[in-house]
Amino acid sequence: MGDHGDDNGDVNSNLIVAYSTGDSQLDKAIWQWLTWDKNPKTKEQIENLLRNGRNKELRDRLCRRLTFGTAGLRSAMGAGFCYINDLTVIQSTQGMYRYLEKCFSDFKQRGFVVGYDTRGQVTSSCSSLRLAKLTAAVLLAKGIPVYLFSRYVPTPFVPYAVQQLGAVAGVMITASHNRKEDNGYKVYWENGAQITSPHDKEILKCIEECTEPWNDSWNENLADTSLLVRDPLQKICASYMEDLQKISYHRELNMKTNLKFVHTAFHGVGHDYVQLAFQAFGFQPPIPVPEQKDPDPDFSTVKCPNPEEGETVLELSLRLAEKEGARVVVATDPDADRLAVAELQENGRWKVFTGNELAALFGWWMFTCWKANSAKDAVIKNVYMLATTVSSKILKAIALKEGFHFEDTLPGFKWIGSRVKDLLDNGKEVLFAFEESIGFMCGTSVLDKDGVSAAVVIAEMAAYLDTKSQTLAHQLAEIYKTYGFHISKTSYFLCYDPPTIKRIFERLRNFDSPGSYPTCCGTYSILHVRDVTTGYDSSQLYKKSVLPVSKSSQMITFTFQNGCVATLRTSGTEPKIKYYAEMCALPEQSDTAFLEEDLQKLISALVENFLEPSKNGLIWRSM
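Residue numbers -16 to 606, in this note's numbering, belong to the letters of the sequence shown in order.
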C-alpha cells in the first residue's frame, strides 16, 4: 500500500468540497482522515459515510479520540479516530515514541516489546498481527530495537518480557474477552505493570502533538526486514515456564494424580501455553475442547468470548468433561489473562466458581504453601496480598486472622501491578493478588493478571485436595467457616447513553439536598459513603479518600449498618454500570440462608432506589 501522493490529496479535497458538511471542525477531521489513512477498507468506510451525508456518524467517528481506560485503549475496530484501526495505532505509537524518548535516554539500547492476540476484522482489513507490525514499524523507523513475538502470545507474556529483557515498555494488541468487534492497545511500563497516571495522560498529550503519520510509519514490511527486530518467543516462553515452577509445591503428587482436567482456550491464544504450563508442573496435559482450542476471531461457538458469563458459555467444555470423566474444567479467556473454573459436584451438577470464590481458594492455598515452605525466621509481617476495592474482602479476613498484610487498590490490575512493584522494591513478599472479574496473580513473576499460571495452580490445588478426599467446593466451605462467610453478588446494567450514566451518579451526590449523599437505601441504613470520583470518604478523619481520586470514571461505595458493602461503578472498557455487593460475616455468623436473603433484599433496594432501571432505560444482566 504505497503513498498515492498529490493525486490522492486532490481527490480528497474534491470529495470534501462536493460533500461539505458545513461544520469546519468535522470537515477538517474528514480531510485529515482521507489524507492520512492508507488502509483502503477504512478509508472507504469514511468516504461512503461522506457521500451518504451521514454527518452524525462521521462526527461520532472522527471528532472524538481514544482514551486510556482500565485496560489501555480499547474500542471497536473500524474507521474513525475513536476506533481501533491502522491509523489510530500508528498515532498512538508515535505518541508513545515521543514520550518514551523524553523519559529514557537509553531507549535505543533497551528497546520495546510488542505482542498480539488473534483478533481480526475482514471488513476493516484489521488484525492484531497487522496492528502489531505497524506498532513495530513506527519504532523501527526511528531506530528503536523491537522485540516482536513471531506468533500470538498470552497477554501476561508482554509484561513478563518487558521485565526479563529490560525493555523500557511494551504493548499488547488485544481486547481480551470483549466482543469480537473490538480490539485494543494495552501499554506496560518498564516495571512490568500496566501504565497508570500520569503516564497515560502524558502519552495522550504526545499523541495529540503528532497525529500526522511520519514517513515510514506505514511501512509494515520493516517488521519482517529490519535488523532491529528480535523474536523473543522461545527465550520468554522457556523462562516463563521455568519461573512458573517456583509456585509448584507438589510436583510428585501432580505426576501421580488420577484427576483429569479439561481446558478450553475460548478460540484464543491459550491452548499451547496452558499445555506447556501443565507439563511444567508435572501433570499430564489437560484435555482440550477441540472446537475451541484453535484461534478463531469470530468466536464462533460462544455467544460472547467471556468465560465469566458462566455455564452458558462453558457448555462445550462441561459436556466434554462429563464424557471424559474429568472433574475440573479450566477456561482461559481469549488472551489468557483471566481464568474461569468449574467443578463437578457430588449431586451431578457443575459449580462454576465466581472470581471472589476462586480468590478465597487461591489466597488460602498460597498462604498455606508459603507457611509450609518458608524459612523458620520468615517474618509474616512482610507478607502481603492485594485486591481491587470492588472485590471480596475475604483476603482481608484471612490476613487479620493469620497476621499478614492486606491492601486494596482502585479497580483495574494496573493499580495492583504498580503497588506490588513498590512492595517488592521495599523488600516485601507478595503471595497473591486479584480482581473479582476472574483476574488472578499467583506469585510475582508477572505483575499482571495471568490465566495460564492460575490454571495450573488451581489444578495443583485440586490434585492435593483429592488426596485428602476433598474437592475445591468442600475447601471453599472450610475457608468460610474459618474466616467468616463472604457472600457476594456482582452484576451489571447496559447503558449506551453516557449522559444518563452521569445523571445517575450526580443524583447520588446530591440526593436529599445539594452535596449530600443518601443516608439510607430503602430500609437499610448507610454507615459510610466513599466516592472515589470526587475523593470523598465519610469514614476518614478529614473526609478524604485514601484511594487516589479517579475523575475519569464513576465509582461510589456504600457501607451499610448490617455489614454489607456495595459499590456502583462504570466499566472502564464497556458501556456498563456495574454493581458489586458483599455481605462480610464473622465466623460465628453461620446462618448463610439468612445472610444470602438479606443481601438479595439489599441489592433489590439498591437497584430500585439508586439506579432506577425502568426510569433510566437500563438493560439488566444478572450473573
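Ideal Cβ positions, reconstructed from N, Cα and C, are used throughout, including at glycine.
Which of helix, strand or coil DSSP assigns to residue i
i      : result
Thr620 : With the chain covering only -16 through 606, there is no way to say anything about residue 620.
Tyr479 : coil
Ile178 : coil
Asp279 : coil
Asn22  : coil
Leu148 : helix
Ala382 : helix
Asn35  : coil
Ser522 : coil
Cys46  : coil
Leu601 : coil
Trp201 : coil
Gly63  : coil
Asn166 : strand
Ala158 : coil
Leu211 : coil
Cys547 : strand
Gln537 : coil
Cys193 : coil
Lys364 : helix
Tyr500 : coil
Gly422 : strand
Lys359 : coil
Pro137 : coil
Leu369 : strand
Leu301 : helix
Ser452 : coil
His511 : strand
Thr473 : strand
Residue span of the beta strand (DSSP E) that contains residue i, given as start and end
i      : result
Ala324 : The sequence shown places Val at residue 324, rather than the Ala named in the question. Here the beta strand (DSSP E) through Val324 covers 322 to 327.
Phe389 : 388 to 392
Thr247 : 244 to 247
Val285 : Val285 -> no beta strand (DSSP E), and no H or E assigned at all.
Glu559 : One detail in the question is off: residue 559 reads as Lys in this sequence, not Glu. Lys559 -> beta strand (DSSP E) spans 559 to 567.
Val335 : 333 to 335
Exposure label - residue i; buried when at least 16 CB within 10 Å
i        : result
Asn289   : buried
Met444   : buried
Leu383   : exposed
Trp603   : exposed
Arg34    : exposed
Leu524   : exposed
Pro196   : buried
Arg162   : exposed
Glu595   : exposed
Lys188   : exposed
Asn339   : buried
Arg552   : buried
Asp279   : buried
Gly(-15) : Any reading at Gly(-15) must be qualified, since the residue scores a pLDDT of 38, below 50, and its modelled position is unreliable; the value itself is stated next. Burial call: exposed.
Leu83    : buried
Lys598   : exposed
Ser3     : exposed
Ala576   : exposed
Thr315   : buried
Limits of the unbroken alpha helix (DSSP H) element including residue i
i      : result
Arg310 : Segment: none, Arg310 is in no alpha helix (DSSP H) and carries neither H nor E.
Ser587 : 575 to 589
Met607 : The requested residue 607 is not part of the displayed model; the chain covers only -16 to 606.
Ile399 : 396 to 408
Thr71  : 69 to 86
Asn339 : 338 to 356
Ala416 : Counting along the chain, Ala416 falls outside any alpha helix (DSSP H), though it belongs to the beta strand (DSSP E) covering 412 to 418.
Val97  : Element bounds for Val97: not the alpha helix (DSSP H) but the beta strand (DSSP E), 95 to 99.
Phe261 : 253 to 263
Val121 : 111 to 123
Leu607 : An answer regarding residue 607 cannot be provided, because it is not within the stretch -16 to 606 covered by the chain.
Exercise for review: Would you be able to state if there are at least three C-beta pairs under 8 angstroms between the stretch 461 to 471 and the stretch 253 to 261?
Suggested key: no
Exercise for review: Say whether the stretch 168 to 179 touches the stretch 135 to 147, bearing in mind that this needs 3 or more beta-carbon pairs closer than 8 angstroms, one atom from each stretch.
Suggested key: Contact between the stretch 168 to 179 and the stretch 135 to 147 is present, because at least three Cβ pairs lie under 8 angstroms.
Review point. At a cut of 8 angstroms, does the stretch 451 to 465 reach the stretch 321 to 335 through at least three beta carbon pairs?
Key: Between the stretch 451 to 465 and the stretch 321 to 335 there are three or more C-beta pairs closer than 8 angstroms, enough to call the two in contact.
**Study point:** Cβ contact (3+ pairs, closer than 8 angstroms) linking the stretch 298 to 307 and the stretch 409 to 428
**Key:** no
Point to revise | At least 3 beta-carbon pairs within less than 8 angstroms: the stretch 521 to 541 vs the stretch 568 to 583 | key: no
Review point. Touch check for the stretch 175 to 194 and the stretch 88 to 104: three-plus C-beta pairs under 8 angstroms?
Key: no
Practice item. Examine the Cβ distances between the stretch 563 to 571 and the stretch 476 to 486 and report whether three or more of them are shorter than 8 angstroms. Key: no
Check your understanding: Is it true that the stretch 352 to 365 meets the stretch 5 to 25, where meeting means three or more beta-carbon pairs spaced less than 8 angstroms apart?
Key -> no
Review point. Are three or more beta carbon pairs between the stretch 190 to 208 and the stretch 427 to 447 nearer than 8 angstroms?
Key: no
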